[in-house]
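Undergrad: A single structure is presented below for examination.
There are 2 protein chains.
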Amino acid sequence: MSNQPGLRDRKKAATRQTISDVATRLFVERGFENVSIDEIARVAAVARKTVFNYFPRKEDLLFDREEEGRELVRQALVARGRQSPIHAFQALMRTLLETRHPLFRITQRPIQFWRTVAESPALTTHARALQTTFAEDLAVMLCDAVGRPHADPEARLAAAMLMDTLVIAYSEALRSFREKRKGKPAAAFASVMERGFIGVNAALAGTPYV
Amino acid sequence: MSNQPGLRDRKKAATRQTISDVATRLFVERGFENVSIDEIARVAAVARKTVFNYFPRKEDLLFDREEEGRELVRQALVARGRQSPIHAFQALMRTLLETRHPLFRITQRPIQFWRTVAESPALTTHARALQTTFAEDLAVMLCDAVGRPHADPEARLAAAMLMDTLVIAYSEALRSFREKRKGKPAAAFASVMERGFIGVNAALAGTPYV
DNA sequence: CTAAATCTTACACTTAGTGTAAGATTTTCC
DNA sequence: GGAAAATCTTACACTAAGTGTAAGATTTAG
Numbered sequence: 001m002s003n004q005p006g007l008r009d010r011k012k013a014a015t016r017q018t019i020s021d022v023a024t025r026l027f028v029e030r031g032f033e034n035v036s037i038d039e040i041a042r043v044a045a046v047a048r049k050t051v052f053n054y055f056p057r058k059e060d061l062l063f064d065r066e067e068e069g070r071e072l073v074r075q076a077l078v079a080r081g082r083q084s085p086i087h088a089f090q091a092l093m094r095t096l097l098e099t100r101h102p103l104f105r106i107t108q109r110p111i112q113f114w115r116t117v118a119e120s121p122a123l124t125t126h127a128r129a130l131q132t133t134f135a136e137d138l139a140v141m142l143c144d145a146v147g148r149p150h151a152d153p154e155a156r157l158a159a160a161m162l163m164d165t166l167v168i169a170y171s172e173a174l175r176s177f178r179e180k181r182k183g184k185p186a187a188a189f190a191s192v193m194e195r196g197f198i199g200v201n202a203a204l205a206g207t208p209y210v
Numbered sequence: 001m002s003n004q005p006g007l008r009d010r011k012k013a014a015t016r017q018t019i020s021d022v023a024t025r026l027f028v029e030r031g032f033e034n035v036s037i038d039e040i041a042r043v044a045a046v047a048r049k050t051v052f053n054y055f056p057r058k059e060d061l062l063f064d065r066e067e068e069g070r071e072l073v074r075q076a077l078v079a080r081g082r083q084s085p086i087h088a089f090q091a092l093m094r095t096l097l098e099t100r101h102p103l104f105r106i107t108q109r110p111i112q113f114w115r116t117v118a119e120s121p122a123l124t125t126h127a128r129a130l131q132t133t134f135a136e137d138l139a140v141m142l143c144d145a146v147g148r149p150h151a152d153p154e155a156r157l158a159a160a161m162l163m164d165t166l167v168i169a170y171s172e173a174l175r176s177f178r179e180k181r182k183g184k185p186a187a188a189f190a191s192v193m194e195r196g197f198i199g200v201n202a203a204l205a206g207t208p209y210v
């Protein structure tokens, strides 16, 4: 089963990457609404339809790395041993922050990225939708971890609160980075995160999730 | 200053209502994506552009009563006396539930409404965006109540968690209504709500909000 | 090397949403 | 009561996102 990528797959990956790179650059430079798919296709030297082949919606051109975080959490939940799922999740987040994982690292790139998002209503809406989708997926993972049906409201509550916590903590880290003075971004992140975790643990007390 | 509505305003209100009614009926009957603005304009006997005059986006044709809840919360927060803002908010929600306020009442109409939303990706996304917007507005109100700057992460955390709680509680009430057997919807609502409130109060302990 | 599978492309089409200016109606003010 | 100002509706033209289809090009399999 030594399945090397093959020429076709390599070309596809290259095309996809080219389109994504061109689009991201143009969006950051000139704003999401001021760049048309036609222009992206032209600059990437590809047909308009090809852009839609890889990215069904215009917003997908920018948000292209969602699966990473999901997979990280999934792994941590299956390998959690005797820990409760929520504690495993919280431990993972603390580890990612302390080890300066790329997803949590604050540099100029994410600053630019999120400024571009904030300046576009469509992108802001899409980011919110992604957050909710992620929370729903997390809820399903939590249900699976304790063997409850997928619609369990306790899991949904936990997942939603955890995502809120992380999103707000991250946005505080970004702000702390922009306003140089007040301490390190990681400290701002941890401060909000620990407060949120306290809330989640209290809300879920007495359930198998915590 | 006895400013009665006047003919023009009455006509405007009537036109707006007609368009909204026609649109809602068609969406519920045939699905959001299967009804075009052209058709709504035709059935409502109005120009296409007039539809956009009243409802800038297609989604706005369905979500037309957002301001009510906001105003309810605003009132409760200014008239809260010596209560903390979060307790005032929670007390308001309990009252609305116990007094069977229209916004919380579960009948066939909201069931249909939310089924229509659930069947359309665009509407689902829009509903999520509205939830987040509401949470942000609530955060600002909380900040104002205790005299802190608007971006305070503690207020944002509290507001986001409160909104999650209410949305999930409401969706459980809807479900309890659909699956007749298990108890009254209000009980399902209260159960999730009280759990969420415990979490929020724990997360915000030690702050002026609680 | 040929045939099947797959990717890219060109073309045509639907629909959301915007801009503009002209026509119709309401309000205001003399 | 009537003319002018303000406002609403409408027609028209336009941009851009997103979809469907079928033909051409390229890679893969046998």
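Protein chains in written order, with full-length UniProt numbering: chain A, 1 to 210; chain B, 1 to 210. Idealized CB from N, CA, C, for every residue including glycine. Remember, it's a predicted structure, so these values are computed and weren't measured experimentally.
1) Contact criterion: CB-CB distance below 9 Å. Does S20(B) meet it with respect to chain A?
2) Assess contact between the region 186-205 of chain B and the region 169-176 of chain B, defined as three or more Cβ pairs (one per stretch) separated by less than 8 Å. Is contact present?
3) On the three-state DSSP scale, how would you describe F63(A)?
4) With 9 Å as the limit, tell me which residues of the region 174-195 of chain A have their beta carbon closer than that to any beta carbon of chain B; keep them in chain order.
5) Using a Cβ-Cβ cut-off of less than 7 Å, give me the residues of the region 195-210 of chain A that come near chain B, in sequence order.
6) May I have the straight-line CA-CA distance separating I168(B) from P153(A), to the nearest angstrom?
7) For R109(B), report the span of its alpha helix (DSSP H) as first-last.
8) Shorter than 9 Å from the beta carbon of I168(A) to some beta carbon of chain B?
9) Go ahead and label R195(B) buried or exposed: buried means 16 or more other beta carbons lie within 10 angstroms of its beta carbon, across all protein chains shown.
10) The alpha helix (DSSP H) with R94(A) in it runs from where to where?
11) Please confirm if R115(B) has its CB atom under 9 Å from at least one CB of chain A.
12) Check whether the Cβ atoms of A151(B) and G199(A) lie closer than 9 Å to each other.
13) Could you check what DSSP says for S176(A) in three-state terms: helix, strand or coil?
14) Could you name the residues of the same chain whose beta carbon sits closer than 7 Å to that of M141(A), not counting the 5 residues immediately before and after it, in chain order?
15) Taking only beta-carbon positions, decide if D164(B) is within less than 9 Å of chain A.
16) Using 10 angstroms around the beta-carbon of I86(A), count the other beta-carbons present and answer buried if the total reaches 16, otherwise exposed.
17) How long is the line joining the alpha carbons of L96(B) and A135(A), rounded to whole angstroms?
18) Against P153(B), what residues of chain A qualify as contacts under a CB-to-CB distance less than 7 Å, listed in chain order?
19) Taking a cut of 7 Å between CB atoms, which residues from the region 120-143 of chain A lie near chain B?
20) Which residue's Cα is closest to the Cα of P121(A): K12(A), Q4(A), E33(A), R10(A)?
21) With DSSP collapsed to three states, give me the class of K184(A).
22) Mind checking whether A47(A) and T18(A) have CB atoms under 9 Å apart?
23) Taking the continuous alpha helix (DSSP H) assigned at Q17(A), which residues delimit it?
24) Starting from the N-terminal side, write out each stretch of the alpha helix (DSSP H) that is 4 residues or longer and does not extend beyond the region 118-177 of chain B.
25) Report buried or exposed for S2(A), applying the criterion of at least 16 other Cβ atoms within 10 angstroms of its Cβ.
26) Since R70(A) meets chain B, which of its residues come closer than 8 Å, beta carbon to beta carbon?
27) Which residues in the same chain have their Cβ closer than 6 Å to the Cβ of D144(A), if we skip the five residues on either side of it in sequence?
28) Specify the secondary structure class of T207(A) as computed by DSSP and reduced to three states.
29) Are T132(A) and R57(B) close, meaning C-beta to C-beta below 9 Å?
30) Tell me whether the beta-carbon of L62(B) lies closer than 9 Å to the beta-carbon of I40(B).
31) Assuming F52(B) is part of the alpha helix (DSSP H), what are its boundary residues?
TA: Judging by the given coordinates:
1) Residue 20(B) sits at position 20 when you count from the first residue of the second sequence. It does not: the Cβ of S20(B) has no partner Cβ on chain A nearer than 9 Å.
2) yes
3) Numbered from its first residue, the first sequence carries residue 63(A) at position 63. F63(A) falls in the coil class under three-state DSSP.
4) R175, A188, S191, V192, R195
5) Listed by position along the chain: R195, G196, I198, G199, V200, A202, A203.
6) Start at 1 with the first residue of the second sequence, and residue 168(B) comes out as number 168. Start at 1 with the first residue of the first sequence, and residue 153(A) comes out as number 153. One C-alpha to the other measures close to 7 Å.
7) Mapped onto the second sequence, residue 109(B) falls at position 109. Residues 108-118.
8) Within the first sequence, the letter at position 168 stands for residue 168(A). For I168(A), the answer is yes, since a Cβ of chain B falls inside 9 Å of its Cβ.
9) Residue 195(B) sits at position 195 when you count from the first residue of the second sequence. Buried, by the Cβ-count rule.
10) For this step, residue 94(A) is matched to residue 94 along the first sequence. 85-98 is the extent of the alpha helix (DSSP H) around R94(A).
11) Stepping through the second sequence from its first residue, residue 115(B) is reached at position 115. No, its Cβ sits nowhere closer than 9 Å to a Cβ of chain A.
12) Counted from its first residue, the second sequence places residue 151(B) at position 151. Counted from its first residue, the first sequence places residue 199(A) at position 199. Taking 9 Å as the cut-off, the Cβ atoms of A151(B) and G199(A) do not count as close.
13) The residue labelled residue 176(A) in the question sits at position 176 within the first sequence. Three-state result, S176(A): helix.
14) For the purposes of this step, residue 141(A) is taken as residue 141 along the first sequence, with counting starting at 1. Cβ neighbours of M141(A) beyond the five flanking positions: V73, R74, L77.
15) The residue labelled residue 164(B) in the question sits at position 164 within the second sequence. D164(B) counts as touching chain A.
16) Here the question's residue 86(A) lines up with position 86 in the first sequence. Its Cβ being crowded by 16 or more others within 10 Å, I86(A) is buried.
17) Stepping through the second sequence from its first residue, residue 96(B) is reached at position 96. Stepping through the first sequence from its first residue, residue 135(A) is reached at position 135. Cα to Cα, the separation comes out at about 27 Å.
18) In the second sequence, the residue the question calls residue 153(B) occupies position 153. Going along chain A in sequence order, the residues near P153(B) (Cβ under 7 Å) are I168, E172, V192.
19) T125, R128, A129, T132
20) Counted from its first residue, the first sequence places residue 121(A) at position 121. Selected option, being the one with the closest Cα: E33(A).
21) Looking up residue 184(A) in the first sequence gives position 184. Three-state result, K184(A): coil.
22) Here the question's residue 47(A) lines up with position 47 in the first sequence. Here the question's residue 18(A) lines up with position 18 in the first sequence. Contact flag unset, no.
23) As a first step, residue 17(A) is located in the first sequence; it is residue number 17 there, counting from the start. First-last of the alpha helix (DSSP H) with Q17(A): 6-30.
24) Assignment of alpha helix (DSSP H) within the region 118-177 of chain B, counting only whole runs of 4 or more residues, yields 121-146 in chain order.
25) Taking the first sequence and counting its residues from 1, one reaches residue 2(A) at position 2. At S2(A) the pLDDT is 41, less than 50, meaning the model places this residue with poor confidence; the figure from the coordinates comes in the next sentence. Exposed, because fewer than 16 other Cβ atoms sit within 10 Å of the Cβ of S2(A).
26) Residue 70(A) sits at position 70 when you count from the first residue of the first sequence. Correct list: empty, because the minimum Cβ distance to chain B is about 18 Å.
27) The residue you call residue 144(A) lines up with position 144 of the first sequence. Annotation for D144(A): no residue places its beta carbon closer than 6 Å to its own, counting only its chain and skipping 5 residues before and after.
28) Stepping through the first sequence from its first residue, residue 207(A) is reached at position 207. The answer is coil: DSSP assigns T207(A) none of H, G, I, E or B.
29) As a position in the first sequence, residue 132(A) is number 132, starting the count at 1. As a position in the second sequence, residue 57(B) is number 57, starting the count at 1. One thing to note: T132(A) has its Cβ no nearer than 9 Å to the Cβ of R57(B).
30) Locating residue 62(B) in the second sequence gives position 62, counting from the first residue. Locating residue 40(B) in the second sequence gives position 40, counting from the first residue. No, these two residues do not count as a Cβ contact at 9 Å.
31) What you label residue 52(B) is simply residue 52 of the second sequence in a count that begins at 1. Its alpha helix (DSSP H) spans residues 48-54.
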